[in-house]
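Last residue of the sequence shown: 325 (the numbering used here), numbering continuous.
Cβ atoms here follow ideal geometry from the backbone N, Cα and C, with glycine treated the same way.
All values reported here derive from a predicted model rather than from experimental measurement.
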Amino acid sequence: MLKDHHHSPEEIKARLSAGPGVFYLKEWVYGGIDGVVTTFAVVAGVVGAGLSPAIVMVLGLANLLADGFSMAASAYSAMKAEEDNYERLHAREVRHVAQHHDGEIEETRQIFASKGFKGEELEQMVSTISRDKDIWIEFMLQEEYGIARPIHSAMKAGLQTFWAFFICGAMPLIPFLLPGAILPISYQPVLALILSAITFFAIGSLKSLWSLKSLPREGFETLFIGLTAAAMAYGVGYALQTWVQGG
């Protein structure tokens, strides 16, 4: 987990001046896991069906590019929708403050009253927060709609998702790039499974930096989820091979 920060006046000032850290953890976690799972699903399915390593590479690379772009587009669209929704609600609050000032004051009063403020203290809180329009509007957005100004970029979220998907998803394909003289074909699926497992564990370990759970626990949880999906994919491929050969 991340180290706790210190609370001397100088350190507090420096930390607040720097603003909130912008991490794309979510994009790397779900992009990375999905990249490994879907690519290994292709690998396991093709190997389970008894097809050649060349087909593994063709389908694997096609999956990396097509699904990676799809994931990136989805991440971009989701983040852009959050940005657009914030701008819409922000414009509404600006309009309400200008056109229905007394009503917004009453809303603010009731919000603070619901938090336990009373009498003169309540009126002081309302007067203080409404003195600065920008701060007031941000406060109302948080309290009324539960949203804050987005700190993540939609474009960066999309790019981070693509790279997470592509980099992590490429791991199961590495063995199939090696010539047979270096790695026999029969060992390629085994090494692909090992690299996939290592990648799953690494993603879980990354999650532990932002979690109260220990590194081993996060790593093994993600490993279990990933290998379960991989086993299902291999089972489908094997069943398909058996059905085709039996037919």
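Proximity of ALA317 and TYR102 at Cβ, strictly below 8 Å
no
Quick one: what's got a C-beta closer than 6 Å to GLY146's C-beta in the same chain, skipping five residues either side?
PHE240, PHE243, PHE244
Are the beta-carbon atoms of ARG227 and TYR164 separated by less than 8 Å?
yes
Quick one: Cα of ALA307 to Cα of PRO267, how far?
15 Å
Using 10 angstroms around the beta-carbon of LEU142, count the other beta-carbons present and answer buried if the total reaches 16, otherwise exposed.
buried
First through last residue of the alpha helix (DSSP H) which encompasses GLN188:
179-192
Just to confirm the assignment: which complete alpha helix (DSSP H) runs, minimum length 4, are found wholly within the segment 257-321?
266-286
Distance, Cα to Cα, GLY97 vs LEU305?
Residue placement at GLY97 is poorly supported in this model, since its pLDDT is 49, which falls under 50; the coordinates are not used for a value here.
Please state whether DSSP places PRO228 in a helix, a strand or coil.
coil
Applying the 10 Å Cβ sphere with the 16-neighbour rule, what's the burial state of ALA156?
Exposed, because fewer than 16 other Cβ atoms sit within 10 Å of the Cβ of ALA156.
GLU201: first and last residue of the uninterrupted alpha helix (DSSP H) it sits in:
197-207
Candidates PRO257, ILE225, VAL322, VAL115: which alpha carbon is nearest GLU161's?
ILE225
Have a look at MET135, LEU219, LEU139 and flag the residue whose alpha-carbon is nearest the alpha-carbon of SER166.
Before going further, note that residue 166 is Arg rather than Ser in the sequence given. ARG166 has its Cα closest to that of LEU219, out of MET135, LEU219, LEU139.
Helix, strand or coil for GLY138, going by three-state DSSP, please let me know.
helix
If contacts are defined as beta-carbon pairs under 8 Å, then PRO257 and ALA270 qualify, I think. What distance do you get, rounded to the angstrom?
Incorrect: roughly 16 Å between the Cβ atoms, too far for contact.
From TYR223 to VAL121, what distance separates their C-alpha atoms?
Whole-angstrom Cα-Cα distance: 45 Å.
Buried or exposed by the 16-neighbour rule on C-beta atoms within 10 Å, applied to MET149
buried
Between which two residues does the alpha helix (DSSP H) carrying ASP210 extend?
Bounds of any alpha helix (DSSP H) do not take in ASP210, whose DSSP letter is neither H nor E.
Under a three-way DSSP split, which group does GLY128 fall into?
Coil.
Buried or exposed (CB count within 10 angstroms, at least 16 for buried), ASP112:
Label assigned to ASP112: buried.
Quick one: grab the DSSP three-state call for TYR102.
TYR102: coil per DSSP, three-state reduction.
Beta-carbon within less than 7 Å of ILE215's beta-carbon, same chain only, minus the 5 sequence neighbours each way: which residues are those?
HIS168, GLU171, VAL172, VAL175
From this set, GLU221, GLU182, ALA275, GLN188, which residue's C-alpha is nearest ARG209's C-alpha?
It is GLU182.
Would the beta-carbon of LYS291 fall within 8 Å of that of ALA232?
no
So, at 8 Å on beta carbons, what are the nonlocal neighbours of ILE303 in its own chain, with the 5 sequence-adjacent residues on each side left out?
Hits under 8 Å: ILE111, PHE278.
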